[in-house]
Amino acid sequence: LLYFLGTEKRQKALLIFYIVMQILGFIAAVFNVLSYQCKKHKSVVIMLLIGSSFFCASFLLTGAVTGGILNGIGIIRCIVYSNKKTFKADSIAWFIGFCITYVLTYVLTFTVFNKEFNFKNAIIELLPVVGMVATNVSLRMTEAKHIRLLAYISSPSWLIYNIITASIGATITEIIALISVTIGIIR
8 LLYFLGTEKR QKALLIFYIV MQILGFIAAV FNVLSYQCKK HKSVVIMLLI
58 GSSFFCASFL LTGAVTGGIL NGIGIIRCIV YSNKKTFKAD SIAWFIGFCI
108 TYVLTYVLTF TVFNKEFNFK NAIIELLPVV GMVATNVSLR MTEAKHIRLL
158 AYISSPSWLI YNIITASIGA TITEIIALIS VTIGIIR
């Protein structure tokens, strides 16, 4: 559709598209940051579900397929973990299943979605997968200090990916997460 527009109109359309994508990222950031303030586990997970929904859309709009799909899986993960009894979320099967889907997302990025496979792209697209696996491991932990330590794997992985994909809202989210985790560890 943009092809048929004149150069000036095409540039305006791309600017609007970019602004919408960033707005979605900022909305997602707000929900993720609000999740840190929730007292109940289910409230935290619901806030993360909403944040993941907006991040999914934002990443897919930018063409960051791996980030978009992983956030889509994050939505499912939030639904499962917010309904622990219904889905028997404490089962190791969920943990393994999510880890497998993260790895499959990585493979799909280079096969189905035709991302060029080279050293640089292989590393960039691996970063959010590492972040999701670390988060998945942390969801099985019971001690807060272990959860916080795993955030030092997850957040930097996502932070680098977010910077590379130019997702300002997601970058801000991870910076806030790292500051929050660091304060929690010091405290």
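Residue numbers for the sequence shown follow our numbering, beginning at 8 and rising by one. Where a beta carbon is used, it is the ideal one built from N, C-alpha and C, also for glycine.
Inset, instruction - Grab the span of the alpha helix (DSSP H) containing Lys127 for me, first residue to last. - result: Phe126 to Arg147
Inset, instruction - Rank Phe94, Val87 and Val136 by C-alpha distance to the C-alpha of Tyr109 and give the top, closest one. - result: Val136
Inset, instruction - May I ask you to verify whether the segment 52–63 touches the segment 24–40, counting CB pairs closer than 8 Å and requiring at least 3? - result: yes
Inset, instruction - Please state whether DSSP places Arg84 in a helix, a strand or coil. - result: helix
Inset, instruction - Starting from the Cα of Ser50, find the closest Cα among Lys95, Ala129, Ile171 and Cys85 and give me that residue. - result: Cys85
Legend entry - 8 Å contact criterion, which Ser145 and Leu157 should meet: CB distance rounded: 4 Å
Inset, instruction - Could you tell me whether the Cβ atoms of Leu172 and Thr69 are closer together than 7 Å? - result: It is Thr, not Leu, that sits at residue 172 in the sequence shown. The answer is yes: Cβ separation under 7 Å.
Legend entry - Collapsed DSSP secondary structure at Val119 in the structure displayed: coil
Inset, instruction - State buried or exposed for Val72, treating a residue as buried only when at least 16 other CB atoms are found within 10 Å of its CB. - result: buried
Legend entry - Rounded distance between the beta-carbons of Leu77 and Met139, thought under 8 Å: 5 Å
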